[in-house]
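Novice: Residue numbers (our numbering), protein chains in the order written: chain A, 27 to 339; chain B, 27 to 339. This is the structure I have questions about; it appears just below.
There are 2 protein chains.
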Amino acid sequence: MKDLAERAVAGDDRAVARLITYAENGHPDLHEAMRAIHCHGGKAQVIGITGVMGAGKSTLVSEIALEYRKRGKKVGIIAIDPTSPFSGGALLGDRIRMSRLTIDPGIFIRSMGTRGMLGGLTGAVYDVMEILDASGKDVIIVETVGVGQAEVDIIKIADTTLVVIVPGLGDSVQAIKAGLMEIADIFVVNKADTPGIERTMAEIESMIDLGYRPGMRKTPVMATSARECRGIIELVDSIQEHRFFLESSGSLPDYLRKRYEAEIVEIIHKRLMTMIFDEKVFKEKVKGLISRIETKETDPYSAAEEILAELLK
Amino acid sequence: MKDLAERAVAGDDRAVARLITYAENGHPDLHEAMRAIHCHGGKAQVIGITGVMGAGKSTLVSEIALEYRKRGKKVGIIAIDPTSPFSGGALLGDRIRMSRLTIDPGIFIRSMGTRGMLGGLTGAVYDVMEILDASGKDVIIVETVGVGQAEVDIIKIADTTLVVIVPGLGDSVQAIKAGLMEIADIFVVNKADTPGIERTMAEIESMIDLGYRPGMRKTPVMATSARECRGIIELVDSIQEHRFFLESSGSLPDYLRKRYEAEIVEIIHKRLMTMIFDEKVFKEKVKGLISRIETKETDPYSAAEEILAELLK
Chain A
27 MKDLAERAVA GDDRAVARLI TYAENGHPDL HEAMRAIHCH GGKAQVIGIT
77 GVMGAGKSTL VSEIALEYRK RGKKVGIIAI DPTSPFSGGA LLGDRIRMSR
127 LTIDPGIFIR SMGTRGMLGG LTGAVYDVME ILDASGKDVI IVETVGVGQA
177 EVDIIKIADT TLVVIVPGLG DSVQAIKAGL MEIADIFVVN KADTPGIERT
227 MAEIESMIDL GYRPGMRKTP VMATSARECR GIIELVDSIQ EHRFFLESSG
277 SLPDYLRKRY EAEIVEIIHK RLMTMIFDEK VFKEKVKGLI SRIETKETDP
327 YSAAEEILAE LLK
Chain B
27 MKDLAERAVA GDDRAVARLI TYAENGHPDL HEAMRAIHCH GGKAQVIGIT
77 GVMGAGKSTL VSEIALEYRK RGKKVGIIAI DPTSPFSGGA LLGDRIRMSR
127 LTIDPGIFIR SMGTRGMLGG LTGAVYDVME ILDASGKDVI IVETVGVGQA
177 EVDIIKIADT TLVVIVPGLG DSVQAIKAGL MEIADIFVVN KADTPGIERT
227 MAEIESMIDL GYRPGMRKTP VMATSARECR GIIELVDSIQ EHRFFLESSG
277 SLPDYLRKRY EAEIVEIIHK RLMTMIFDEK VFKEKVKGLI SRIETKETDP
327 YSAAEEILAE LLK
């Protein structure tokens, strides 16, 4: 395991991929590797990209990655897909469109599914960030469909968060009202070749003006057409400007701290859940208790207490 | 608290609403009420409805509820909304459309947000089912947007699950391939007034035929137009047929058992998370550890172990 960590740190992407799989599956010896990994991390720039489905996020991520490559940066991409029976087809298509990136050895892509509470795959995303960071990626892009709180939480720990909006979905203003103002460091109006772009941009800009207070950094609104490669250089410049803003204001270390905290919480959470719910004892115990719940001898709350008391004794 | 439970059991919907709020917020004395509640539950029929956004689920739920009212049943509706900055506007609209139902005292509606791991609002859904059940609702409808595993898990514990599809989204076949065959007890092709309905129905039916084995129950495909009230009577008949199928095959108690198990798991999960992550001790401890992580004296895995060791000692 330590050997694997060393190879990952040396930049061997096959070792990186293997480690990530171990992180996702909660390999019992992972902590060994992660300890070795940790000494080499804390340097990468993390960019979060979120937005509704169909906003062209995957194409945008590809273009941003290619632009960073032109600037001599190594890029790691974590694409978080909601694990949903409804999105299987569409997301697969996105990933296929992204696959041209895999030809470039300076770009590492990993797609991760979100899982329910007990699955905890999403939790591994913090480990994956550490692994990519330690393996020498200069820029880590985390892409997620903004459908659930779990995904929003992940995005919040990025140094710079892009919120991608498309004209004509009619939801730009609602989206901003509903709390995206706080999340977005940069608004990206993608598909700038579609009609309605001026209106969408004006709407967002006036919303930003409303919330603006003197002395604050003003959230920029960038127009891109990922498919036609327009606006990408300007967008990456804008991301770097935000990064510089964080550095000069001294708040950059806060983001790293938030990531470490999230990672610790996730590790503890996963350990406890595995400890409790994977044990045969639990399964057997629950089975017996449910029969008693059915006959109204006991109830779910008392049953839960009984199990907890036994576990924590 | 016991008094509140008694009033809820007697059918007082204001007491029901209060109890649900307590369940959502994890009120420390909730278990008292839930113990009293439990003796009166286990009778309601639970219907799960899921499908992509824009499939007209809320209107469909309204129509199904009204049809059950005509049949003399009391109805409880739990609408689970993904807590997302992107969906705020749209869902609010749905809820407004549903609000005409609130005039009928035989219908109780509650909208719940999904939350991240630590929020655990979704977890309360099992408590809410028990409360509605004990308060004398004959039918409980759980509506959810099928975006995440958490929502799919909730739907799985319904006696009868409807998967709603609309023509022309081009995702019907993918959806079925991606695992919805296993979830759906009834497929509903809503918006039957849109063009392409025949093709969508034919596609779904041929997929069902492919998976069909002699002796199995064949998943019906129903066409509805919730907005024009068409196909609703037939759909409710079909739900009742499925319920009868479960009763006669003796598998109905399994669903109730699954609900109880999910409830126990949720209670334990919430207790543990509150115990660990809400404590001031944890916050303080993490703060100190993160400074040591930053200086590479320790790492997130070792830090997590340190905290766990202290918690479980």
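For each residue, glycine too, the CB sits at the ideal point set by N, CA and C. Keep in mind that this is a model prediction, so the values were computed, not measured.
1. Take THR76 (chain B) as the anchor and find which of B:VAL247, B:ALA210, B:THR245 has the nearest alpha-carbon.
2. What did DSSP end up calling ARG243 (chain B) once you bin it into helix, strand or coil?
3. Report the three-state DSSP secondary structure of VAL101 (chain A) (helix, strand or coil).
4. Counting only runs of 3+ residues fully inside the segment 260–322 of chain B, write out the beta strand (DSSP E) ranges in chain order.
5. From the DSSP output, in three-state form, read off ARG61 (chain B) for me.
6. Please name the residues in the segment 48–65 of chain A whose beta-carbon is closer than 7 Å to at least one beta-carbon of chain B, in chain order.
7. State the Cα-Cα distance for the pair LYS182 (chain B) and LYS284 (chain B), rounded to the nearest angstrom.
8. Taking 7 Å as the limit between beta carbons, can you name the residues of its chain near SER277 (chain A), skipping five residues before and five after?
9. Can you give me the Cβ contacts of LEU337 (chain B) inside the same chain, cut-off strictly under 7 Å, excluding the 5 residues immediately before and after it?
10. Going by the DSSP bridge assignment, what does THR76 (chain B) pair with across the sheet?
11. Is there contact here, the segment 33–42 of chain B with the segment 58–69 of chain B, by at least three beta-carbon pairs under 8 Å?
12. Any beta carbon from chain B within less than 9 Å of MET143 (chain A)'s own beta carbon?
13. What do you reckon, are the CB atoms on VAL214 (chain A) and MET248 (chain A) nearer than 9 Å?
14. What span of residues does the alpha helix (DSSP H) with SER137 (chain B) cover, start to end?
15. Of all the CB atoms in chain A, is at least one closer than 9 Å to the CB of THR289 (chain B)?
16. Using only CA atoms, which one of A:LEU188, A:GLY222, A:LEU282, A:GLU224 lies nearest to PRO246 (chain A)?
17. Flag this pair as yes or no: are the beta carbons of ILE167 (chain B) and ILE103 (chain B) separated by less than 9 Å?
18. Taking DSSP's pairing of strands, which residues face ARG256 (chain B) in a bridge?
19. Pull up the distance between the alpha-carbon of SER317 (chain B) and that of ALA330 (chain B), whole angstroms please.
20. Using a Cβ-Cβ cut-off of less than 9 Å, give me the residues of the segment 208–240 of chain A that come near chain B, in sequence order.
21. For the 8 Å Cβ check, are there 3 or more pairs between the segment 321–335 of chain A and the segment 38–52 of chain B?
22. What would DSSP say about GLY145 (chain A), mapped onto helix, strand or coil?
23. Measuring straight from C-alpha to C-alpha, what distance separates SER26 (chain B) and LEU261 (chain B)?
24. Could you spell out where the beta strand (DSSP E) holding ILE212 (chain B) opens and where it closes?
25. With C-beta atoms as the reference, is SER264 (chain A) less than 9 Å away from ILE212 (chain A)?
26. Using 9 Å as the limit for Cβ to Cβ distance, is ALA329 (chain A) near chain B?
27. From the DSSP output, in three-state form, read off ASP153 (chain B) for me.
28. Are the Cβ atoms of TYR281 (chain B) and ALA184 (chain B) separated by less than 9 Å?
29. Between GLY98 (chain B) and THR186 (chain B), is the Cβ-Cβ spacing less than 9 Å?
30. Could you give the first and the last residue of the continuous alpha helix (DSSP H) run that contains TYR327 (chain B)?
31. Would you kindly work out how many angstroms separate the C-alpha atoms of SER110 (chain B) and ASN216 (chain B), rounded to a whole number?
32. Tell me, please, whether the CB atom of ASP325 (chain B) is closer than 9 Å to any CB atom in chain A?
33. Run the CB neighbour count on GLU305 (chain A), radius 10 Å, all protein chains shown included, and call it buried at 16 or more, exposed below.
34. In chain A, what lies closer than 7 Å to TYR286 (chain B) by C-beta?
35. Would ILE293 (chain A) and ILE230 (chain A) be called neighbours here (beta carbons separated by less than 9 Å)?
36. Alpha carbon to alpha carbon, what distance is there between PRO131 (chain A) and ASP164 (chain A)?
Specialist: Working from what's here:
1. B:ALA210
2. coil
3. strand
4. none
5. helix
6. HIS57, MET60, ARG61, HIS64, CYS65
7. 9 Å
8. none
9. ILE302
10. B:THR170, B:VAL189
11. yes
12. Because MET143 (chain A) sits at a pLDDT of 40, beneath the cut-off of 50, its placement in the model cannot be relied upon, and the point is left open.
13. yes
14. Unbroken run through SER137 (chain B) is the beta strand (DSSP E), 133–139; no alpha helix (DSSP H).
15. Before going on, a small fix: residue 289 (chain B) reads as Glu here, not Thr. GLU289 (chain B) counts as touching chain A.
16. A:LEU188
17. yes
18. B:SER251
19. 14 Å
20. GLU208, ILE209
21. no
22. Residue placement at GLY145 (chain A) cannot be trusted, given a pLDDT of 41 that sits under 50; what the coordinates show is reported in the next sentence. Of the three classes helix, strand and coil, the one that applies to GLY145 (chain A) here is coil, per DSSP.
23. Any property of residue 26 (chain B) remains undetermined from this structure, which presents chain B solely from 27 to 339.
24. 212–215
25. yes
26. yes
27. helix
28. yes
29. no
30. 326–338
31. Note that SER110 (chain B) scores 48 on pLDDT, short of 50, meaning its location in the model is unreliable; the coordinates nonetheless yield the value given after this. Between SER110 (chain B) and ASN216 (chain B), the C-alpha separation is close to 25 Å.
32. yes
33. exposed
34. ILE316, ILE319, PRO326
35. no
36. 14 Å
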